[in-house]
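Residue numbers (our numbering): 74 to 472.
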């Protein structure tokens, strides 16, 4: 029985920052952003788009009423959780309208946890072939103004419907994982912003790639030439290029050229969205599937997932015949092309004015005019309870 991705979609907020404009204001050569880290635009989330709202928007775009009746597990992967106890999956379950007999949990391990969710879903479907699992990866990468990490921010969510006999990508059973206790990137409970040792984190990423790929290669007697393409976790798109370079000693000239060509398609979305932590690998996979020419049926894609701290996994997806028919390429391209460009002043105002709850546990804030009426949004806090709904229900909730 095949198990894997039957549907996949993504959502990103309708506002972004142009990296050239940011570079000029920061008195930096724009090529440091455009070439040095490989980023062109950076999605910015207003207060109305937290991890829950973005995940709900990604989910509603791919689910039919039949899907909602068949889903019996929701796995919410994030490092931008909004509650220390309650899972973001429960809010999404209600907002999207999924049937009540569902297991809903939140998973955390830096940028890796969506892959942990993928593997949990695989096991569940193997035991219950009639089931469908909704996997959500939703995050806001936030480092603060004038910091080293500022140009590697972003916001967005990926939603994946997993099932038996998938129409887009079969996930092979064999994989290789690697764990090491390190401090390359972390965010204590008392800090809104992450701490990162950038150079060390890059080294840790590449070491984990080599370790997990090496384990897979030895166990499965594999070669890189077995794969049509490689897709990586990309906190910024230059990181994936470094990953390819780290493996070049094992590639023929033909394989190197093929991987680099596919990589251009695999980073098209990430270049204009930025870092979305748990969803970055899967946004890159979606970009490859939608932006590259149709891959051969049963072509094998090698995927590398990395989460600081650190956990990594190398695993394989096998392309299904006719997969292009089940993608939402036109809608995704329109979503990216129709965003509103923020001035640097507007961007800085958004980043420096988070939601503030008063002593009674209430908070209200104004919704942006560029939000679609059909978007799910974070509306307000009432007596310490977060309020969500569609934008067209927002009247009376804001200031």
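Glycine included, every Cβ here is placed at the ideal spot set by N, Cα and C.
Extent of the continuous beta strand (DSSP E) run through residue i
i: residue 375; result: 373-380
i: residue 248; result: 242-252
i: residue 401; result: Looking at the DSSP string, residue 401 is not in any beta strand (DSSP E), and its letter there is neither H nor E.
i: residue 76; result: 76-84
i: residue 92; result: No beta strand (DSSP E) holds residue 92; the alpha helix (DSSP H) holding it covers 92-98.
i: residue 145; result: 144-150
For residue j and residue i, believed in contact at Cβ under 8 Å, the rounded distance
i: residue 122; j: residue 450; result: 7 Å
i: residue 189; j: residue 208; result: Residue 189 to residue 208, Cβ: 10 Å. No contact.
i: residue 161; j: residue 149; result: 4 Å
i: residue 115; j: residue 92; result: 6 Å
i: residue 212; j: residue 152; result: 6 Å
i: residue 231; j: residue 359; result: 7 Å
i: residue 127; j: residue 228; result: 7 Å
i: residue 76; j: residue 237; result: 6 Å
i: residue 383; j: residue 277; result: 5 Å
i: residue 374; j: residue 95; result: Not a contact, Cβ separation roughly 33 Å.
With 16 other Cβ atoms within 10 Å as the buried cut-off, status of residue i
i: residue 427; result: exposed
i: residue 414; result: exposed
i: residue 112; result: buried
i: residue 108; result: exposed
i: residue 369; result: exposed
i: residue 221; result: exposed
i: residue 471; result: Low local confidence applies: a pLDDT of 45 at residue 471 is under 50, so the model's placement there is unreliable, with the coordinate-based value given in what follows. Exposed.
i: residue 268; result: exposed
i: residue 183; result: buried
i: residue 429; result: exposed
i: residue 439; result: exposed
i: residue 130; result: buried
i: residue 343; result: buried
i: residue 203; result: exposed
i: residue 132; result: buried
i: residue 142; result: exposed
i: residue 199; result: exposed
i: residue 172; result: exposed
i: residue 218; result: exposed
i: residue 386; result: buried
i: residue 120; result: buried
i: residue 157; result: exposed
i: residue 403; result: exposed
Distance cut-off 7 Å: residue i Cβ against heavy atoms of the ligand HEM
i: residue 378; result: Absent from the structure shown: the ligand HEM. Ligands present: none.
Residue i (DSSP reduced to helix, strand or coil)
i: residue 393; result: coil
i: residue 467; result: coil
i: residue 452; result: strand
i: residue 460; result: strand
i: residue 167; result: helix
i: residue 433; result: coil
i: residue 236; result: strand
i: residue 316; result: helix
i: residue 255; result: coil
i: residue 211; result: strand
i: residue 229; result: strand
i: residue 175; result: coil
i: residue 472; result: Note that residue 472 scores 43 on pLDDT, short of 50, meaning its location in the model is unreliable; the coordinates nonetheless yield the value given after this. If DSSP states are grouped into helix, strand and coil, residue 472 belongs with coil.
i: residue 386; result: strand
i: residue 415; result: coil
i: residue 302; result: strand
i: residue 307; result: coil
i: residue 350; result: helix
i: residue 408; result: helix
i: residue 180; result: strand
Element boundaries [alpha helix (DSSP H), containing residue i]
i: residue 198; result: 186-200
i: residue 128; result: 124-133
i: residue 338; result: 326-339
i: residue 288; result: 271-293
i: residue 116; result: Where residue 116 is concerned, there is no enclosing alpha helix (DSSP H), although the beta strand (DSSP E) it sits in stretches over 114-116.
i: residue 354; result: 353-364
Best match in the options for proximity to residue i [C-alpha to C-alpha]
i: residue 339; options: 357, 333 and 324; result: 357
i: residue 201; options: 146, 250 and 230; result: 146
i: residue 379; options: 314, 332, 322 and 305; result: 305
i: residue 262; options: 154, 90 and 137; result: 154
i: residue 307; options: 225, 402 and 230; result: 225
i: residue 371; options: 169, 239 and 448; result: 239
i: residue 315; options: 299, 353 and 275; result: 275
i: residue 319; options: 336, 280 and 82; result: 280
i: residue 248; options: 326, 360, 285 and 272; result: 285
i: residue 419; options: 90, 82, 381 and 143; result: 90
i: residue 298; options: 330, 467, 215 and 252; result: 330
i: residue 256; options: 367, 365, 432 and 381; result: 381
i: residue 424; options: 364, 395, 216 and 310; result: 216
i: residue 124; options: 467, 431, 466 and 461; result: 461
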